[in-house]
Each structure stands twice: as C-alpha cells, then as structure tokens.
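Novice: In terms of this note's numbering, the sequence shown is residues 94 to 719.
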Amino acid sequence: MAREPIRFGIRLRLFVVSVVVITFGLAAAQWYASRGLDRDFALRTRNDLALRAATVAVAMREADALDEGRCARPVQALAAASRGRVTLIDPRGVVRCDSSLTAAGVRAMNNHNDRPEVVAARRDGVSVATHESGTLGRPFVYAAHRINGPDGAWVVRVAVEPDVLANERATLRRLLSIAALLGLLGAAAMSTLAAQLVAAPVRALTDTARSMVRDLSVRTRTRANDEVGELAGALDELADGLAASMETLRSERDRLGTILDSMVEGVVVTDADGRVVVANRALREMFLRTQDQVIGRRPIEALCVGELHDAIEEAASVGERTNVEFTVEGVRPRTLAASAAPLRGPGGTREGCVAVLSDVTELRRLEGMRREFVANVSHELRTPVAAVRAAVETLEGGAIDDPKFAREFVAIIDRHADRLRRLVEDLLELSRIEAKELSLAPESLSVAEQCVHVVELFALAAKSKKTMLDVAVSPDAGRVFTDRRGLEHVLGNLVDNAIKYAGEGARVTVRARALDGAPDGRDSGRPPSVRITVEDTGPGIDARHLPRLFERFYRVDTGRSRLLGGTGLGLAIVKHMAEAMGAKVSVESEIGRGTRFHVDLPRERERRTSGRPPPAAQTQASARAE
Numbered sequence: 094m095a096r097e098p099i100r101f102g103i104r105l106r107l108f109v110v111s112v113v114v115i116t117f118g119l120a121a122a123q124w125y126a127s128r129g130l131d132r133d134f135a136l137r138t139r140n141d142l143a144l145r146a147a148t149v150a151v152a153m154r155e156a157d158a159l160d161e162g163r164c165a166r167p168v169q170a171l172a173a174a175s176r177g178r179v180t181l182i183d184p185r186g187v188v189r190c191d192s193s194l195t196a197a198g199v200r201a202m203n204n205h206n207d208r209p210e211v212v213a214a215r216r217d218g219v220s221v222a223t224h225e226s227g228t229l230g231r232p233f234v235y236a237a238h239r240i241n242g243p244d245g246a247w248v249v250r251v252a253v254e255p256d257v258l259a260n261e262r263a264t265l266r267r268l269l270s271i272a273a274l275l276g277l278l279g280a281a282a283m284s285t286l287a288a289q290l291v292a293a294p295v296r297a298l299t300d301t302a303r304s305m306v307r308d309l310s311v312r313t314r315t316r317a318n319d320e321v322g323e324l325a326g327a328l329d330e331l332a333d334g335l336a337a338s339m340e341t342l343r344s345e346r347d348r349l350g351t352i353l354d355s356m357v358e359g360v361v362v363t364d365a366d367g368r369v370v371v372a373n374r375a376l377r378e379m380f381l382r383t384q385d386q387v388i389g390r391r392p393i394e395a396l397c398v399g400e401l402h403d404a405i406e407e408a409a410s411v412g413e414r415t416n417v418e419f420t421v422e423g424v425r426p427r428t429l430a431a432s433a434a435p436l437r438g439p440g441g442t443r444e445g446c447v448a449v450l451s452d453v454t455e456l457r458r459l460e461g462m463r464r465e466f467v468a469n470v471s472h473e474l475r476t477p478v479a480a481v482r483a484a485v486e487t488l489e490g491g492a493i494d495d496p497k498f499a500r501e502f503v504a505i506i507d508r509h510a511d512r513l514r515r516l517v518e519d520l521l522e523l524s525r526i527e528a529k530e531l532s533l534a535p536e537s538l539s540v541a542e543q544c545v546h547v548v549e550l551f552a553l554a555a556k557s558k559k560t561m562l563d564v565a566v567s568p569d570a571g572r573v574f575t576d577r578r579g580l581e582h583v584l585g586n587l588v589d590n591a592i593k594y595a596g597e598g599a600r601v602t603v604r605a606r607a608l609d610g611a612p613d614g615r616d617s618g619r620p621p622s623v624r625i626t627v628e629d630t631g632p633g634i635d636a637r638h639l640p641r642l643f644e645r646f647y648r649v650d651t652g653r654s655r656l657l658g659g660t661g662l663g664l665a666i667v668k669h670m671a672e673a674m675g676a677k678v679s680v681e682s683e684i685g686r687g688t689r690f691h692v693d694l695p696r697e698r699e700r701r702t703s704g705r706p707p708p709a710a711q712t713q714a715s716a717r718a719e
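This is the structure:
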C-alpha cells in the first residue's frame, strides 16, 4: 500500500523557514560574540592580573614587607585575596617568597631575572606573560609589577593557571549558549504564532475556494489591506467572472436544449470516440428510445440502424458531409433522410460528428401520390381525348356528309367532352378543398329537411334506373350546424353513386339518427353528433377495396365505372369536403348485402337551436320507377 506523501503546508513552511533563519542568525551572532568575548576576556584577564599585581605591589610596599623575614605572611594573605600565586623577587632575581612553596622550596628556586615578565616589569613597570613554570612544571599566566625599594627594583608577580581562566571562559560560553537556546525556543514559539496568524486567512481562502467549486455565489468577504486582501479580492473577481460565464453558458445550454427539443428534425451528436452525447426529443421519438438508451452508446447500439451508423462513421473519418436515406421498420414504419457532418475543434481536430434526421415519410407518400395522380389523370384524359380525336378524324374523313354517322360521332364527341368537363370540374373542386379555398358558411340545418331535399333532387335519376329511393329520419336526429352547400354535395354524391352502382330494381335509403341517443348529448361521453347513412341493396363491395375506396381515381370495377360516366374522384371529394365541414365519412359493405356510407356531423346544440325541438315524427319520401 503506497504511503501518502507528506504535505508541507504554508504554516509548516513558514515555521521551518523562520526557525532556520533564526538559528542561522543566532549561530552567527554567537560566533561573533564568542570571538569578541574571547578577545575581551583575554584583555580583561590581562588587565585584571595587572591590576592584581599592582594591588599586591602596593600592599607589599605599604606593609614594608620587602624582606625575606617579613614577606611570608603578607604574601600568603595577598595570594588568598588575589586568588593567585604571589611571588616576590628581589633586585638580584632571587625569589624571596612564593605563596605556593615552602621556605625550602623558595631557596631551591632558580634566579628569575631571565623570566620575560620580570624583564618587562623591570623595564616598563608592569608586564603580563604566559609560559610554563620551571618550578611547578605547568603553564601559568603571569602578571609582574615593579616595586622600587631602597636597594633597587623589586618585582612582585601574580600567577594564575590557564585552566582557571578556561573554566571561566567556558562558563561564560555556556551561559551564552543557554541564552541563545532560550532565544531560539522563544523565536520558534513566536514563529509558530506568526505562521498561524499568516496561514489562518490563507486557510479561510482555501475553504472558500473549495466552496466555490460547488456554489459560485460564495464570496471571501475579506477586507484586509494587505496581500491576503488583494488575493481575496482577486478570488472574488474570479468567482464573479466564472458565475457570469456559467450563467451565460447555462442560458446558452438551455436555449440550445429548447431549440433542439422543439425541432421536428432529429439531431444526434457523437464525440471523438464515436459515442452519442446529444440526442434531442425528436430523434428519441423517431426510434422510440429513452435518453438513457441513447446517451453514451454508439449509434449502431442505440438506434440499430446500420445505414445511419455507416454515414456517421464515414463523415467522421473522411471529414466530409454524408447523406443517406433509409427506412425504419417497427411499430411506426417511416422513411428518414439523414445528413451527417464532422465536428471540428481548435486547429481543425476532429471532435465527433453531428447528424440531422428528417422524417420524409409523408413527403415520399405525397410524391408517390403525385406520381400516381399524374398517371391516373393522364390515363383518364387519354381515353376521352382519343375518342374525341378519333370521332373528329372520322368526320373529317367523310362521315360528316352522312347524316346518320355524323349524328352518331357528334354524340360520341359530346359524351366524351362532357366527361372531360366533369373530370376537370371535379379536379378543380378537389383542389379548392385541399387548398382550403372552399368558402363554408355553417348554419343551423334540419337533418330531415336536407335528407328529403337530396332525395327529391335524385328522384328522376332513380326512376330512370328503376330504383326505389327512400328517406328515414329518426325523431332524435334534430338539427346540425354545418354548411348547406357542402352537406348537399356530400349527400348528393353518395346518393348518385348508390343509384348508379346498385343496379336496376335496387333500393336506396337515406337514414339519419343521433349517435348519442339523447338530444342534448348528456347521456354520452362523446360530443353530440348525427349520423346520416346512405345505404343500398346492391351487389356490395369486397372488403379488400374498402381501405382505398376514398382515394383519387380508385375504382372497384374500372370498366363499369367509366361506362357509367364516373370520374373516380367523387368519393375523394366527399371525404375532403366532409373533413372541411368537421364531419367524418366511413363505409361498410358486404358482398351480396349492399353498401352503407356513413356521414357523422356535429350536432346543433340546444343553445344554437333557440329551444326548437327536433322533428316529432319520421319523414318519408319515396320515388319508385314502375
């Protein structure tokens, strides 16, 4: 297990630096003081010894002890007083008394006139010298002083052993070292306090900076007029700048997220590793995925579309825009068009790819319908135009001179010209409805009156086809709020088709009833509506044709439809007209049991009818062809 490295904080650093500096300062001061002390001690020692020697000399002269018989006692006393060895030397260099020796020892001492301190004292009056004692065999520091006596210059000498002086010097140095150590300890304590005082605001700034990582509203609130205060101010300014930048980025992110989520196109963005980092709502809805199922995965894993994955990989690797169109199967099959482009960062580095997906299902369906529509129109126009042209060419070839053939071909031209007219009118009508250029004027209409009116309009046509035409309106049908002309067009087209295709002897009935079973609709959760049904007893329609029955130019029996003069646009017009009025059209049919077309209209509410009740009795009308 790896050990965590030792941290050297600012307090420890300040403490160490302070202690090191103070230690070096004290060491230098002690070295300098020791050298000065040694010099001063040596000087003071020499002066002290010289002073002792002078004092002893004066005392000896005053005591009149310059005689061997009278000097022994004063010398001992003065030696004890001066804390040294006292020697008295006469003018001839003979030692008369010595505090460290007995009388016999004194008589055995050599002549001292050759001693350097004695020589210098006789010459200068006072002298200090250090050398080994010839008598005792160990070094001494000597201070000699001249005493002028009646028989010449006497010399009194005071000697001190160097060890005594060294001990005194060591004692002074020890005291100096103790003082330095105490000073160092005091300085260390003051350094610790100073480091604590300096580090405290820095530690507070550190805690504030850590808090700013989570909350940029935190500020140092430090007003110190020093470098720490400047640092705190700079940190607050940095936090203000970061907060403003973060707010701008957050606003831009939210705006971008809103834009992406409001787009109809799907957007997917991958990073440099090819993983999805952005997927807007439209994309997730296209593939029925949640955000967790897309973010962080590769496109092939998240969306399971190889064409899209290949397009993104190609755009990211080649560095150019790539377009692809593919079909997505599943619950909601759709056709998607994708455009993938590489993302470039600073210096042109590739940082991923962005792909925009558009749902072109409806566009492709409309394109197919347009192609089919153009083909159907061309096909429908080709037949009557060819017939008219053939008839004209026949007439121009000489048939015009034959009244019998001329009338026959003119009838052909008239019949096909009328077919062309009806086809063009139906196309224009359908175009106006789809372009919402149809002007509708909704009003309150009686369902019974409108049904009877439509039946009366087609009474002669039913009679010519030997078809029985009836109307049966339930008492609860009441009134509807819709466009009169539009309703007449829808019902008329359905009745006309029923008469045409039901066959001779069939029965066509127009029925009307309320879907909710109550005049005001309070007994049903559905909006109140009225269903008008046009039913016949004709041959019926195969179930496979019913889903496409309201498409343009779709015919169940193409030959029979053209023979009866149909354009193939009637039911398409019915569907679009009904939707424009807010109604709904549906169909039911069984082979051999007839066909039923239903038109569900919004019902006139009680407030629109001004309290007028629906018709109280069933209205019937019929037209029969005998």
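A virtual CB, placed ideally from N, CA and C, is assigned to each residue, including glycine. Computed from a predicted model, the values in this text were never measured in an experiment.
Let me know the secondary structure DSSP gives Gly491 once reduced to three states.
Specialist: Gly491: coil per DSSP, three-state reduction.
Novice: Report all residues from its chain with a CB closer than 6 Å to the CB of Ile625; omit the five preceding and five following residues, and keep chain order.
Specialist: Result list for Ile625: Ala605 and Val692, in chain order.
Novice: Express the C-alpha separation of Ala196 and Arg145 in angstroms, rounding to a whole number.
Specialist: Using only the alpha carbons, I get a separation of about 23 Å.
Novice: If we count the other Cβ atoms within 10 Å of its Cβ and call it buried at 16 or more, is Val109 buried or exposed?
Specialist: Label assigned to Val109: exposed.
Novice: Only counting the same chain, and skipping five residues up and downstream in sequence, which positions put a Cβ closer than 6 Å to that of Gly598?
Specialist: So the qualifying residues of the chain are Lys559.
Novice: Within the chosen definition, does the region 276-289 reach the region 182-201 through at least 3 CB pairs nearer than 8 Å?
Specialist: Touching, no.
Novice: Which of the three DSSP states is assigned to Arg615 in this structure?
Specialist: Interpretation of Arg615 is limited by its pLDDT of 46, a score under 50 that renders its predicted location unreliable; no figure is taken from the coordinates.
Novice: On the DSSP bridge list, what partners appear for His546?
Specialist: Its beta-bridge partners do not exist; DSSP assigns none.
Novice: So does Thr138 have its beta carbon nearer than 7 Å to some heavy atom of the ligand ZN?
Specialist: This structure simply doesn't include the ligand ZN, nor any ligand for that matter.
Novice: Excluding sequence positions up to five away, which residues of its chain have a Cβ less than 8 Å from the Cβ of Ala336?
Specialist: Here the set comprises Leu309 and Ser310.
Novice: Can you confirm whether the region 548-562 touches the region 579-590 when touching is taken to mean that 3 or more C-beta pairs between the two stretches lie within less than 8 Å?
Specialist: Flag = yes, the region 579-590 and the region 548-562 touch.
Novice: Starting from Lys668 and walking both ways along the alpha helix (DSSP H), at which residues does that stretch end?
Specialist: Unbroken alpha helix (DSSP H) run through Lys668: Gly663 to Ala673.
Novice: By a C-beta neighbour count over all protein chains shown, 10 Å radius and 16 as the cutoff for buried, is Gln384 buried or exposed?
Specialist: So Gln384 ends up on the exposed side.
Novice: Just confirm the distance between the C-beta atoms of Val73 and Val370, as a whole number of angstroms; I'd bet it's less than 8 Å.
Specialist: Lying before the first or after the last residue shown, residue 73 is absent from the chain, which here runs from 94 to 719.
Novice: Can you grab the Cα-Cα spacing for the pair Leu662 / Gly445, in whole Å?
Specialist: Each residue's Cα considered, the two are about 52 Å apart.
Novice: Leaving out the 5 sequence neighbours to the left and right, which residues in its chain are closer than 6 Å to Gly171 when beta-carbon positions are compared?
Specialist: According to the sequence provided, residue 171 is Leu. The question's Gly does not apply to it. Counting only Cβ-Cβ distances below 6 Å, and skipping sequence neighbours, we find Val149, Ala152 and Val179.
Novice: Using the Cα positions of Ser220 and Ala213, report the straight-line distance between them to the nearest angstrom.
Specialist: Cα-Cα distance, rounded: 6 Å.
Novice: Run through DSSP, which three-state label would Gly652 get?
Specialist: Unreliable placement is indicated for Gly652, whose pLDDT of 44 sits below 50; no coordinate value is reported for it.
Novice: Can you tell me whether Met41 is helix, strand or coil according to DSSP?
Specialist: There is no way to answer for residue 41, as the model of the chain reaches only from 94 to 719.
Novice: Residue range of the beta strand (DSSP E) that Lys556 falls in?
Specialist: Per DSSP, Lys556 belongs to no beta strand (DSSP E); it is in the alpha helix (DSSP H), Ala552 to Ser557.
Novice: Whose C-alpha, out of Leu587, Thr688 and Thr313, is nearest the C-alpha of Leu726?
Specialist: Any answer about residue 726 is impossible in this case: the structure gives the chain only from 94 up to 719.
Novice: Is the beta carbon of Ala375 less than 8 Å from the beta carbon of Val362?
Specialist: Contact: no.
Novice: Whole alpha helix (DSSP H) runs in the region 167-242 with 4 or more residues, listed along the chain?
Specialist: Qualifying alpha helix (DSSP H) stretches, in chain order: 196-200 and 209-217.
Novice: Contact defined as beta carbons within less than 8 Å: I believe Val114 pairs with Leu181. What is the distance between those atoms, to the nearest angstrom?
Specialist: Going by Cβ atoms, the distance from Val114 to Leu181 rounds to 57 Å, so no, they are not a contact pair.
Novice: Suppose the cutoff is 8 Å on Cβ atoms and the five residues either side in sequence are ignored; what does the same chain contact list for Leu349 look like?
Specialist: Closer than 8 Å at Cβ, skipping near neighbours: no residue.
Novice: If you count every other CB in all the chains shown that lies within 10 Å of the CB of Leu538, and 16 or more means buried, which is it?
Specialist: Answer is buried; the Cβ neighbour count reaches 16.
Novice: By Cβ distance below 8 Å, which residues in the same chain neighbour Arg464 in space, the five residues on each side in sequence not counted?
Specialist: Nothing listed; no residue qualifies.
Novice: Using the beta-carbon count (16 or more within 10 Å), is Met379 buried or exposed?
Specialist: Buried, because 16 or more other Cβ atoms sit within 10 Å of the Cβ of Met379.
Novice: Quick one, which of Arg200, Asn203, Tyr235 and Ser192 has its alpha-carbon nearest Pro209's?
Specialist: Looking at the Cα atoms, Tyr235 is the closest of the given residues.
Novice: Three-state secondary structure (DSSP) at Ile625?
Specialist: Strand, per DSSP.
Novice: Report the partner residues of Val603 according to the DSSP bridge assignment.
Specialist: In the DSSP output, where bridge partners are listed per residue, Val603 has Val564 and Val627.
Novice: Can you pull the DSSP bridge partners for Phe690?
Specialist: Val627 and Val680, per the DSSP bridge assignment.
Novice: If contacts are defined as beta-carbon pairs under 8 Å, then Val627 and Leu608 qualify, I think. What distance do you get, rounded to the angstrom?
Specialist: Their Cβ separation, rounded to whole angstroms, is 16 Å, which puts Val627 and Leu608 out of contact at 8 Å.
Novice: Between the alpha carbons of Phe498 and Val517, how many angstroms are there, rounded?
Specialist: Going by the C-alpha atoms only, they are around 28 Å apart.
Novice: For a minimum of 4 consecutive residues, which ranges assigned as the alpha helix (DSSP H) are wholly contained in the region 284-363?
Specialist: You should have 320-355.
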